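Below you'll find the structure, written out as structure tokens, and then a few comments.
Numbering (this note's numbering), first residue to last: 343 to 790.
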């Protein structure tokens with residue numbers, strides 16, 4: 343056991359070295375690393391994974407036909423439903439599943455999914471976190487010995503990931519931040535005393551919980567010493583909340599783009615233009631409604647591949663998020679490509695009586711300028727009926743806000759639109775603990 347942990351220690355150290363600098367490598371070098379991983383993964387999948395062996399044979403392709411990430415588009419787009427219906431088709435015949443990390447996700451779609459990650463991919467995922475961690479460390483202004491609070495579900499994949507690789511390594515204490523774990527099922531009023539006693543310099547949680555926490559702090563905790571930086575994932579942090587956190591507390595806010603099926607897809611830098619995509623390990627493209635790759639600029643659906651995990655091979659996978667790729671270089675100097683913040687999920691499109699589908703960004707726009715609103719959820723109850731639940735400041739004029747939003751929705755959807763505006767103490771969460779800001783008729787309405 344000791345020898346095994348020392349071996350994994352050495353492996354993790356080798357993977358971590360240079361990660362923070364790797365994001366500044368010439369783009370050509372990153373693409374070479376990516377192409378090497380593509381060739382290796384497709385060859386492995388053909389030999390060991392039934393779905394890819396069957397699919398390549400059906401299409402008349404061989405692993406030699408896959409030389410770069412662009413060639414992954416020759417595969418059919420992999421849908422979540424396919425993995426749900428036949429997970430064994432995607433599990434490697436060459437990996438012992440008893441050695442793997444098992445993660446489950448319902449995602450924002452509410453559709454359960456079980457994913458296996460082999461030990462090598464878990465440690466690689468931990469190493470790639472160093473790219474995002476470098477951004478947080480720069481904001482903290484010190485080395486690894488800082489205090490960090492994690493506010494997630496006790497059963498979240500965040501904790502499972504960390505427990506898995508820490509059980510297999512022996513890291514010195516000075517390399518590990520002092521950790522506090524709190525539950526996001528506890529409201530801020532219960533967690534703030536714990537935060538005050540611990541005094542973290544970094545807080546990480548879901549974006550929706552970060553918003554709720556800082557809304558509470560702004561209204562109730564005048565003497566609280568805020569963290570220097572917060573990191574979020576899962577769902578987003580609104581622009582009004584970011585501005586308030588910076589102006590009121592001096593707290594920087596950085597997001598990471600993750601998926602249980604894939605791993606650490608991307609991260610935000612100090613330029614705040616979106617997410618830098620870890621394309622050397624998770625190549626990503628944006629596609630239109632017909633699955634065709636889009637250039638930089640237009641919104642489309644995110645399709646991504648995992649070039650690291652061999653326990654359950656997932657290539658050319660429709661993640662369900664809506665976003666766009668950004669052209670040009672980033673002022674931060676990182677050469678990894680930029681993707682916009684996801685505008686919503688494809689199953690969040692609003693379906694109108696005419697049959698037209700409305701982009702979720704159109705709904706976000708109706709609430710974006712409501713500076714007295716910390717957080718919201720819009721549920722499409724019927725084709726022209728909406729329930730708008732709001733978390734708002736104490737000073738918010740509720741009647742004016744209700745009248746204003748009713749008018750906005752009717753202007754956007756027509757005078758026949760019915761709008762119920764509710765001022766809530768908390769918003770419903772999914773089983774995974776996330777708040778879905780928009781729930782269309784095709785979505786599953788979360789329940790507290």
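Every residue gets a Cβ at the ideal spot worked out from N, C-alpha and C, and that includes glycine. Note that the coordinates shown come from a computational prediction; the quantities given were computed from them, not determined experimentally.
When the five nearest sequence neighbours on each side are left out, the beta carbons in the same chain lying within less than 7 Å of the beta carbon of residue 429 are those of 456, in order along the chain.
Ranked by Cα distance from residue 412, the options 772, 378 and 554 are led by 378. By the criterion of at least three beta-carbon pairs nearer than 8 Å, the region 748-763 is in contact with the region 702-711. Residue state for residue 760 is assigned as strand, using DSSP reduced to three classes. Residue ranges of uninterrupted beta strand (DSSP E) with 3 or more members, entirely inside the region 596-637 and ordered along the chain, are 605-609, 617-619 and 626-629. Excluding its 5 nearest sequence neighbours in each direction, residue 650 has C-beta neighbours in its own chain below 6 Å: 463, 466 and 623, listed in chain order. With contacts defined as CB atoms closer than 9 Å, residue 556 and residue 586 qualify as a contacting pair. The continuous alpha helix (DSSP H) containing residue 380 extends over residues 369-390. When Cβ pairs closer than 8 Å are counted between the two stretches, the region 495-512 is seen not to touch the region 374-393, the count staying below three. Assigned with DSSP and collapsed to three states, residue 668 falls in strand.
Between the beta-carbon of residue 445 and that of residue 495 there is about 12 Å, and that puts the pair past the 8 Å contact cut.
Counting the other CB atoms within 10 Å of its CB gives residue 343 a total below 16, which places it among the exposed residues. Unbroken alpha helix (DSSP H) runs of no fewer than 4 residues, entirely contained in the region 558-588, are found at 581-586, following chain order.
With respect to the 9 Å criterion, residue 443 and residue 647 are not classified as neighbours on the basis of their beta carbons.
Secondary structure note for residue 457: its beta strand (DSSP E) is the uninterrupted segment 455-459. Under the DSSP assignment, residue 729 falls in the beta strand (DSSP E) whose first and last residues are 727-734. In the three-state DSSP reduction, residue 663 falls in the strand class (E or B). Note on the region 497-535: whole alpha helix (DSSP H) runs with a minimum of 4 residues are 499-508, in chain order. Residue range 715-724 is occupied by the beta strand (DSSP E) that includes residue 721. When only Cα atoms are considered, residue 610 and residue 373 end up about 20 Å apart. A Cβ-Cβ distance of about 23 Å is found for the pair residue 641 and residue 673, leaving them out of contact under the 8 Å criterion.
As DSSP reads the structure, residue 777 sits in no beta bridge.
Within the model, the alpha-carbon separation for residue 561 versus residue 522 is close to 24 Å. With three or more CB-CB distances shorter than 8 Å, the region 716-733 counts as touching the region 750-769. The three-state reading of DSSP puts residue 548 in strand, counting E and B together. Between the region 478-493 and the region 615-630, the count of Cβ pairs shorter than 8 Å is below three; the stretches do not touch. Within 10 angstroms of the beta-carbon of residue 349 lie fewer than 16 other beta-carbons, which makes it exposed. When beta bridges are read from the DSSP output, residue 419 appears opposite no residue. Taking residue 418 as reference, the option from 659, 669, 745 and 700 with the minimal CA-CA separation is 659.
For residue 492, the enclosing beta strand (DSSP E) starts and ends at 489-494.
Rounded to whole angstroms, the separation of the alpha carbons of residue 717 and residue 743 is 14 Å. Short of 7 Å from the beta carbon of residue 602, and not among the five residues preceding or following it, lie these beta carbons of its own chain, in chain order: 445, 447, 457 and 499.
Annotation for residue 712: no alpha helix (DSSP H) segment contains it, and DSSP assigns it neither H nor E. Taking C-beta separations shorter than 6 Å and ignoring five residues to either side along the sequence, the partners of residue 576 in its chain run 548 and 776, following chain order.
Rounded to the nearest whole angstrom, the CA to CA distance from residue 656 to residue 398 is 14 Å. In this structure, residue 598 places its C-beta atom within 9 Å of the C-beta atom of residue 573.
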